[in-house]
Amino acid sequence: MLLVPAFRVLSSLFLIWQLPWETWARFGVWLLIGFAIYFAYGRRHSLLNPDSPHHRPQPTSTP
């Protein structure tokens, strides 16, 4: 029964390939904007960033 999922994937790819180049350009621009926001937010709010207000210092063990 792998024919139905394979047909669905192929038909979806066919429809995607039929999109005009303007659609792909808009998609690329919005994708870059989304990545920029995602990484800028992650860099500022990362728990690994020592300058972050959410940073929790690692406990130090005493010998």
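Counting along the sequence shown from 1, when you hit position 48 you're at 58 in the numbering used here, and nothing is skipped either side. From the three backbone atoms N, C-alpha and C, an ideal C-beta is built for every residue, glycine too.
If you ignore the 5 residues before and after phenylalanine 45, its C-beta comes within less than 7 Å of no other C-beta in its own chain.
Cβ contact annotation for tyrosine 51 (same chain, cutoff 8 Å, sequence separation greater than five): none. In the three-state DSSP reduction, serine 56 falls in the coil class, being neither helix nor strand.
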